[in-house]
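Scroll down for the structure; my scribbles are underneath it.
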Amino acid sequence: MKQTRHWLQAAALFTAAFFSLLYLVSALWIPAKAELAQWLIERSWQQAQQGNENARPWPWADTRAVGVLSVPGLGIRQIILEGNSGRNLAFGPVLLDGEVGHDLVISGHRDTHFHFLKDLEAGDRLIVQTLDRTQQYRVIASEIVDSRTAELVIEPGTSRISLVTCYPFDAPLAGGPLRYVVTALPVADRLSLAAIGQVRPTAAKP
Amino acid sequence: MRQKRLLRWQDRALLTLSALLLLLLIFRIETATAQEDQWGLEFQGDGGSQRSLAINTEMQVTITGLVARIDVTQAFRNGGRGWSEAIYRFPLPDGSAVDRMTVQVGTRILVSEIQEKRDARRQYQQAKSSGKVTILLEQQRANQFETRLANIGPNEEITVSISFLARVDYRDGSFSLRIPMTFTPRWDRGAPAILSGFFNETSPVPTVMTVFGTGAGPNDHYLDLNIDLRTGLKLASLESRYHDVDIQPSLNGYTIYLADPDTRTDRVFELTWTPDFGTSPESTLMTFDDGDAVYAMLMLAPPLAEAIRPQPREVVFIVDTSGSMAGVSLTQAKAALMQGLDYLGEDDRFNLIHFNSDSHLLFPQSMPLYTPYLLEAEAFIDDLVANGGTNMAPALDMALNLPLQAGLLRQVVFITDGSVGNEGELLLQIGEELRDSRLFTVSIGSAPNSWFMRKAAEIGRGNHTHIGRLNEVEESMSRLWSRIQNPAIKNICVDWGMEAEFYPEIVPDLYAGEPLWLYARLPFQPVEVTICGELEGRPWELSSTVLPGVGNENLATLWARSKIEALEDSRIFGEDPGFIRDAVTDLALEFGLLTPYTSMVAVDATPSRPQGETLNSEEIPNLLPAGSSATTASFSQTATGWVAQLMLSFITLLIATCMLLLSPLSRKGGARPPMTGEKGSGSINQAERIIVAHRAFLD
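In structure tokens form, the structure reads like this:
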């Protein structure tokens, strides 16, 4: 009788210890993977810039580096991946593909790569470098939207960037319906410079 | 007794902890599986969205003289297995007077009643929770309405018919009727109208977020339209601008059907007809006597004035280059601007402003028409890109406050789709800053906010032009130009021959070819109405007699509607909102009209949803306006939840520790005599010793 009880208790103890360790490893593995993957992807990005456009971060990867997102003010530099899937999101911010033109949508996890979005404020500068160009953006807005009732409107004719992550930032559980959308517009484009008269001299009266 | 002692408190605690552990395990598995299918972002193409509710719209239009009676039937179909509440927002023509609503459930027909908004909502909520079919129709903005229909059963179809009056427009000898079908997306990332927090230009009006989707289901968002045009006149032309139609002569006019059965509600419908007689009437007066009072409608449309050398002008073009203008809208705007430059006279001066989140001015002061300036302007127009938010106020400010130039009449031509949320504020600004300038609004695209555009022109003492398609640019702009160039009739007065309550109270300037509509309530039948005014400094006069047998009870409804509009407008100029609310509510209840303060509600007599069944709410998205190049994408799941997992691991670790503390192993240790200072014996392992030390500490 007493013996059985001891066995049961030992088994329960063992299970508890086993799962706590398992959870610990699997929980910490997520941010670790997010961090480590960026190192591997960095190498493939270097290769891509040298002309090997299909360079893969690791041989079996189903994604590639398509650009770099940096926020000089916050010391952030992250490689953007192609293909908006859950698997890719684990390794880095991903670019929405499709008919988007220059209306870029980049999504990232709120508790790994895109945690910094909560520190972005209107006026902050972002730089997005892709293989063909480097563009500076200025943050103009942050909004909280409900993904159950709203969709992202994409206007291929527009040049802008939207950074999307989940909201609230510190909710422990994943799967909530709210999203945090930061919108930034290109800065120092030819048009606005021309319009404030820095490029185009105002003609004198004849 | 001994047996009972078997389960000591330690055992019970252990058991509880084990159960807790089991629960945590299950919880962990739950959250892990819940995340799986939400990951990934998809483009939603045709039929991509998985909604259970569908809506199709049918419109029956009867046009008699200058008034159209329109019955909109919305058929809500619940294709799902549960009970649903449908929420649908839709636009109606400007100045519509909504006065009837019926609901058909199976073979029963429910008739709505008009109530104060608060009461209607309460009644709706009660009926909704008691499982009865119920419907609520509310007005949210001047031209935005919302139906809520609760307790639609599985595989059930419920049809809602909304009936309203709209005014037929009459310009330059042609009649037209415009019926909007969808909105310009007001929820536009980065459009300041909807920003939360960062900017001070945030809309003061709580913006209702309208849902858009390209994902109409295969049986969804269809439009069926049928027009009965009762005109006694022989027509020179009859055409629908944006839809293919079949036209058949009927007993008292024409019947018009949509030619394409696949038409969806993604663009405005516009019907235009021109009577086949050379000279158009300068004025029309019709009346209706309801016993208590006589209601009258007076339309004035003066012919084009004699060629007078036009006064030199300063024309300032403002063009909207916000993100919502992307695509066809911007192309139209550019064409309109280029056309506008062509129309300028040699003594005129001009300037250009484009705005999105920021405003940009071409010249610090308006310039004469010299080639270098024109080239510069053309380059400026060429370079326009649609991008960013819609921050109108600074652009208007810039245009209205340019340095004045002696002897020039300032006319501001404002080209936009008008998708703003802070309309009231902008209108007030126009009223305050206008002075001697005149504002002409040009709306662009297939779903402009025409209420705002029309009001802006009204307050700006100019007028409003709409361009729906690229090939209309030339026609619309030349029409606008003939208005701008010709002098207007100012200081208009109307003599009804008796005491009259008429709206609008302040009669606007009258432009050539642009009619004026007045609605009056009179104590008795008028004989003749005289209109006087001032044209280029000289007196001008016109008189009108009653057209017998044309007026009907609709005139009373239209009079009430225009009085409500006048009351609402007085808010822009600082009238007490409480007073407006009371006055509008009284009028609306008397005439049975839908307003921002009164709603229509209908409730079924018997409950249809069984007590136990739950009700799901679903918002039916609007189609994106045709011609807008936008597509939509849904959001991806962007959280890993690793912090929660970490917390979970700590909790299990805690449980494990507790178990260890309670287990017989440690109890054995505890039973020993105190061993402070004793060197480790072989039978006690390291962990045990720690625990023992721990316990000693705790004791």
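Going down the list, the protein sequences come from chains A and B.
Going by the working numbering, the first sequence wraps up at 278, each residue one higher than the last.
Going by the working numbering, the second sequence wraps up at 1087, each residue one higher than the last.
Cβ coordinates follow ideal geometry from the N, Cα and C atoms, glycine included.
None of the values given here were measured: they were computed from a predicted structure.
Could you check how far apart the C-beta atoms of residue i and residue j are, in whole angstroms? I think they sit under 8 Å.
| i | j | result |
| --- | --- | --- |
| E154(A) | T184(A) | About 18 Å separates the two Cβ atoms, so there is no contact after all. |
| T945(B) | E929(B) | Going by Cβ atoms, the distance from T945(B) to E929(B) rounds to 31 Å, so no, they are not a contact pair. |
| T1040(B) | F163(A) | Their Cβ separation, rounded to whole angstroms, is 28 Å, which puts T1040(B) and F163(A) out of contact at 8 Å. |
| V633(B) | I644(B) | 5 Å |
| A783(B) | F743(B) | 4 Å |
| V830(B) | I855(B) | 6 Å |
| L923(B) | M687(B) | Not a contact, Cβ separation roughly 19 Å. |
| S628(B) | E658(B) | 7 Å |
Which residues mark the beginning and the end of the beta strand (DSSP E) in which residue i is found?
| i | result |
| --- | --- |
| Y512(B) | From DSSP, Y512(B) is part of no beta strand (DSSP E) but of the alpha helix (DSSP H) over 505 to 517. |
| T719(B) | Careful: T719(B) lies outside any beta strand (DSSP E), inside the alpha helix (DSSP H) at 716 to 731. |
| G139(A) | 137 to 143 |
| S625(B) | 623 to 628 |
| R396(B) | Run containing R396(B): none; DSSP gives neither H nor E here. |
| K878(B) | 877 to 883 |
| Q208(A) | 206 to 218 |
Whose CA, out of the options, lies closest to the CA of residue i?
| i | options | result |
| --- | --- | --- |
| V493(B) | E504(B), R506(B), A463(B) | A463(B) |
| T450(B) | Y558(B), R618(B), A474(B) | R618(B) |
| L757(B) | I502(B), D883(B), D735(B) | D735(B) |
| A1027(B) | A256(A), C238(A), V254(A), D242(A) | C238(A) |
| A256(A) | V166(A), E215(A), G248(A), P240(A) | E215(A) |
| V253(A) | G180(A), R205(A), L93(A), V200(A) | G180(A) |
| A407(B) | L94(A), A84(A), A137(A) | A84(A) |
| I152(A) | W117(A), A243(A), I226(A) | W117(A) |
| L729(B) | L792(B), Y761(B), N851(B) | Y761(B) |
| E446(B) | R509(B), S551(B), A508(B), Q511(B) | S551(B) |
| G833(B) | L816(B), A714(B), E504(B) | A714(B) |
| G1000(B) | T461(B), L409(B), G470(B) | G470(B) |
| T522(B) | A530(B), L411(B), R510(B), V460(B) | R510(B) |
Taking residue i as part of the alpha helix (DSSP H), name the residues at either end of that continuous run.
| i | result |
| --- | --- |
| V972(B) | 965 to 979 |
| L1034(B) | 1030 to 1050 |
| A781(B) | 780 to 788 |
| D761(B) | The sequence shown places Tyr at residue 761(B), rather than the Asp named in the question. That run of the alpha helix (DSSP H) goes 759 to 770. |
| F840(B) | 838 to 847 |
| T945(B) | 942 to 960 |
| S864(B) | 861 to 873 |
| Q492(B) | That residue, Q492(B), is in no alpha helix (DSSP H); its beta strand (DSSP E) goes 485 to 493. |
| R536(B) | Where R536(B) is concerned, there is no enclosing alpha helix (DSSP H), although the beta strand (DSSP E) it sits in stretches over 532 to 540. |
| L814(B) | 811 to 821 |
| R159(A) | 158 to 161 |
Please state if the CB of residue j and the CB of residue i are separated by a distance shorter than 9 Å.
| i | j | result |
| --- | --- | --- |
| K516(B) | S996(B) | no |
| N1010(B) | T535(B) | no |
| K843(B) | D974(B) | no |
| P911(B) | E887(B) | yes |
| D708(B) | T570(B) | no |
| S234(A) | L224(A) | yes |
| A689(B) | F676(B) | no |
| L176(A) | V143(A) | no |
| P896(B) | E846(B) | yes |
| V703(B) | L790(B) | no |
| I502(B) | G980(B) | yes |
| I567(B) | N466(B) | no |
| A990(B) | V499(B) | yes |
| I226(A) | L168(A) | yes |
| G848(B) | L816(B) | no |
Exposed or buried, residue i, counting other C-beta atoms within 10 Å across all chains shown (16 or more means buried)?
| i | result |
| --- | --- |
| Q122(A) | exposed |
| A604(B) | The predicted position of A604(B) is uncertain, since its pLDDT is 49 and thus under 50; a value taken from the coordinates is nonetheless stated next. Buried, because 16 or more other Cβ atoms sit within 10 Å of the Cβ of A604(B). |
| Q1033(B) | buried |
| T602(B) | Note that T602(B) has pLDDT 44, beneath the 50 cutoff, so the model's placement of it is unreliable and the number below is only indicative. Under this definition T602(B) is a buried residue. |
| Q513(B) | exposed |
| Q799(B) | buried |
| A1059(B) | Note on A1059(B): pLDDT 44, under 50, position unreliable in the model; the coordinate value appears next. Its Cβ having fewer than 16 others within 10 Å, A1059(B) is exposed. |
| F967(B) | exposed |
| H78(A) | exposed |
| W397(B) | exposed |
| R477(B) | buried |
*Using a Cβ-Cβ cut-off of less than 9 Å, give me the residues of the region 449 to 477 of chain B that come near chain D, in sequence order.*
Any reference to chain D falls outside this structure, whose protein chains are A and B.
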